[in-house]
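Undergrad: In my numbering, the protein residues as written are 1 to 73.
A virtual CB, placed ideally from N, CA and C, is assigned to each residue, including glycine.
The structure's right below; bear with me while I get my questions together.
Here's what the structure looks like:
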């Protein structure tokens with residue numbers, strides 16, 4: 001698996017999870033438990049890992065999300 005993104009933002013992580021699942025991308029979120037242990041400090045980001053063969057689609061989903069975020073600003 002390849003790292004797609006690291007984040008401490010739970011809203012972004014929730015959005016990404018929903019969109020990856022919705023498009024059928026196989027992924028796993030690592031470091032969730034360690035991130036919870038540090039509380040609100042944000043010292044341990046969660047890592048979203050995707051299968052290498054699905055990396056292009058996952059990156060496209062990220063790009064679409066970034067475009068939407070810019071359009072809303």
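For residue 49, which beta-bridge partners are listed by DSSP?
TA: For this step, residue 49 is matched to residue 49 along the chain shown. Paired residue(s): 3 and 28.
Undergrad: Can you look up residue 44 in the DSSP assignment and give me helix, strand or coil?
TA: Position 44 of the chain shown, counting from 1, holds the residue named residue 44. DSSP places residue 44 in coil when its eight states are reduced to three.
Undergrad: Which two residues bound the contiguous alpha helix (DSSP H) that contains residue 59?
TA: For the purposes of this step, residue 59 is identified with residue 59 of the chain shown, where counting begins at 1. Here the alpha helix (DSSP H) through residue 59 covers 55-72.
Undergrad: Have a look at 6, 22 and 13 and flag the residue whose alpha-carbon is nearest the alpha-carbon of residue 57.
TA: Counting from one through the chain shown, the residue named residue 57 turns up at place 57. That would be 22, whose Cα lies nearest to the Cα of residue 57.
Undergrad: Taking only the alpha-carbon atoms, compute the straight-line gap between residue 31 and residue 71 and give it to the nearest angstrom.
TA: Numbered from its first residue, the chain shown carries residue 31 at position 31. Numbered from its first residue, the chain shown carries residue 71 at position 71. Rounded to whole angstroms, residue 31 to residue 71 spans 31 Å at the Cα level.
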